[in-house]
Structure formats: structure tokens, C-alpha cells
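Working notes for the structure below.
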Amino acid sequence: MVAVSVCMPVYQGEPHLRAALDSVFEQRGVDFELVVVDNASTDGTAQILASYDDPRLRVVRQAETVPLTANFAAAVAASRGDLVKVLCADDLLLPGALASQAQLLSQHRDISLVASRRVLIDDHDARIGPVGLRGFLGRHSGRRVARRFARWGINPIGEPACVMFRRADYDAVGGWGADLAYPSDMITWLRLLRRGDLLGQNEALAAFRIGHAAHSQRNEKRNEKENRELMRRTIGDPAWGLATRDRLISKVASPVAWWAWGVRRRIMFRLPQGARRAGAKSTTPAR
1 MVAVSVCMPV YQGEPHLRAA LDSVFEQRGV DFELVVVDNA STDGTAQILA SYDDPRLRVV
61 RQAETVPLTA NFAAAVAASR GDLVKVLCAD DLLLPGALAS QAQLLSQHRD ISLVASRRVL
121 IDDHDARIGP VGLRGFLGRH SGRRVARRFA RWGINPIGEP ACVMFRRADY DAVGGWGADL
181 AYPSDMITWL RLLRRGDLLG QNEALAAFRI GHAAHSQRNE KRNEKENREL MRRTIGDPAW
241 GLATRDRLIS KVASPVAWWA WGVRRRIMFR LPQGARRAGA KSTTPAR
């Protein structure tokens, strides 16, 4: 059995898929497989995948397009490794990501999530960072993570490319979050943190792509709405023991955090506020 499974859900991934695949195959120091689940793409995704002749690559093609979160779940379900990293088809792993995080999970059995910082990249690969894990370097409890998210509505851990977890924990908590597309990663992280602590790494081991389509005005509004719903659930979840004070803080703090995220994103990549291209990427804005 391989040590690590990199699980890549993809839909219409032609623009950045090859770079994402290459970033995985360039990893060293750990035995891994790369499982790609193509969500019935109609662009050049299949041709790009067919051009790779590497025994570590397995490709599964959906017969028809399924919801985004279902394709994420299918990618993990098709994997065989003890450790799992989910990588979106437009993001990148940076050198040493798999070996570093696999080693930490092997050394710390009471850790359920390892997360790194990351750099941000745009559609043209311009980079900013490293960023992320503000206040969460080192070991932290699930309750502390839940409180930060419940108050601010901002993912304090990061996107899937930054994170590695155990397949056994993932199966035990019910798999990938499904009913809210945008914060499905945060739903999954909170589930996993019922099984152990977070370990945050100072190194930047992933690159997260922020493009025009993923952050259109329409999608940002839906993103914020779904994250507010997850905040509500988190505050009301007795597993985290959050208080009325957290609910009151969230009413003030989260609108400020979301406004600041929008300003920051437009400044970073000079996106017009009225941009309306369609497209969605499963993520909660993360610090």
C-alpha cells in the first residue's frame, strides 16, 4: 500500500492541469499515488491526462458531471493510501510538501490535520506570500480552530492543497463535507479535528490559485452566505462548547473580515469589482 494518496478532482481543468500534475510528480522522499477523478470534462483535460505515462497515476472518469463536493469525495474514495492530500487541479504543491507532512503525521499520532502556509498565485502565476495560519503555527486544539472560524467566518487552516490527513480519520468522521460547496473544506477540517489536534507548519508548501472566475461577484456572495451558515452550525455544535459571546462577536467581526478579504483580493490581483464570469472553487477565504 502506498504511503500517501494525492487526490485530484478536476472539471474543465485544461488551463492549469499540467502544472498541477507536474508539481505532484516532482515530489521526492515519499511513496505516493496520484488519483485524478475527471468530472466529465469536455475540454482538453482527458488528453492532458492521457499524455502521462507514470504508474503512480490513476485516472477515473465520471460518466456524467456530478456536484463539486461529490467529485471531491469520489477522488478520496478511489484512493488507497494511509495519508491523504486533496489537490485542486489549478493549485500546486511546492517541493517537499508530501514528505514533510507525511513525516509529521507519522510522528504525532494525536494530530489529525497537518497544514502548511501557502503562496497565492493568479491566472498568470504571479505569486504573493507566503500567507496563512495566522495564530495557528504549531499545535492547536479543534476547539480553538472552531472558535476562530465561528467568530470571523474565515478559514484559519487553509485550502486542501495545504492540508494532509489520515484516511482512517476521514472515514471515521463521514468523509468530505457535501451540503455546502464553498466551505466544504472547512466542514471537513472541523470534522477531522474531532479526532485530534491541528499542527501548523511555518513553511509554504502549496500554491493556491485565485483567478477571475473563482472570485466573481456572484460567487463571492454565495460563498459568504454558505460560510455564514457554517458559522451558525459551528456555534451551535455542542462538541465545541462555544458561548453566547462567540455568537455576538461573530455578528460584528465576520462582516468586517469578509469586506477586508474582498478589498485585499481586488488589490492583490487588480480584479474589477463588477467581474461576473461564472465558476466556483471550493474554498473559504483563508488567512
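Per full-length UniProt numbering, the sequence shown starts with residue 1, numbered consecutively. The beta carbon of each residue, even a glycine, is placed where N, CA and C say it ideally should be. Small disclaimer: the values here were computed from a predicted structure and weren't measured.
Assigned exposure category for residue i - 16 Cβ within 10 Å defines buried
| i | result |
| --- | --- |
| M1 | exposed |
| H124 | exposed |
| W259 | exposed |
| A252 | The sequence shown places Val at residue 252, rather than the Ala named in the question. So V252 ends up on the exposed side. |
| L248 | exposed |
| N39 | buried |
| Q27 | buried |
| L17 | buried |
| T69 | buried |
| K85 | buried |
| V10 | buried |
| G81 | buried |
| P67 | exposed |
| E33 | buried |
| A161 | buried |
| V36 | buried |
| V4 | buried |
| D246 | buried |
| G241 | exposed |
| T244 | exposed |
| G236 | exposed |
| A141 | The amino acid at residue 141 is misidentified as Ala; the sequence shows Ser. Exposed is the call here. |
| A102 | buried |
| E220 | buried |
| A146 | buried |
Identified DSSP bridge partners for residue i
| i | result |
| --- | --- |
| I121 | R127, R209 |
| E33 | S5 |
| K85 | V6 |
| R61 | D38 |
| F165 | V84, L113 |
Reduced DSSP secondary structure (H/G/I, E/B, other) of residue i
| i | result |
| --- | --- |
| S51 | coil |
| Q12 | coil |
| F136 | coil |
| N39 | coil |
| V28 | Position check: residue 28 holds Arg in this sequence, whereas Val was assumed. In the structure shown, R28 sits in coil (DSSP, three-state: anything other than H, G, I, E or B). |
| L193 | coil |
| G200 | strand |
| L92 | strand |
| G236 | helix |
| D246 | helix |
| P67 | coil |
| S141 | coil |
| G177 | coil |
| R56 | coil |
| G262 | helix |
| Y170 | helix |
| A78 | coil |
| residue 297 | The requested residue 297 is not part of the displayed model; the chain covers only 1 to 287. |
| Q101 | helix |
Chain-order list of residues whose beta-carbon lies under 7 Å from that of residue i (same chain, five-residue window excluded)
| i | result |
| --- | --- |
| M186 | F149, N155, L230, T284 |
| W152 | A253, S254, A257 |
| R195 | S112, D169, A172, V173 |
| S23 | L92, L93 |
| A239 | R194 |
| W176 | T69, F72, A73, V76, S184, T188 |
| R222 | Y182 |
Own chain, CB closer than 8 Å to residue i, minus 5 neighbours either side, in chain order
| i | result |
| --- | --- |
| G129 | R117, R118, V119, L120, A204 |
| D31 | V2, A3, V4 |
| E159 | C88, D91, R118, D185, A206, F208, T283, A286 |
Nonlocal neighbours in the same chain, by C-beta distance under 6 Å from residue i, ignoring five residues either side
| i | result |
| --- | --- |
| R139 | D197, L199 |
| Q12 | S41, D43 |
| A178 | T69 |
| I157 | A115, W189 |
So, does the segment 42-53 touch the segment 101-117, judging by three or more C-beta pairs under 8 Å?
Too few Cβ pairs lie closer than 8 Å, so no.
Tell me whether the segment 81-91 and the segment 196-203 touch, counting them as touching only if at least three CB pairs, one residue from each stretch, are closer than 8 Å. Taking 8 Å as the limit for Cβ pairs, the verdict is that the segment 196-203 does not touch the segment 81-91.
On the three-pair Cβ rule with 8 Å, is the segment 177-194 touching the segment 91-110? Too few Cβ pairs lie closer than 8 Å, so no.
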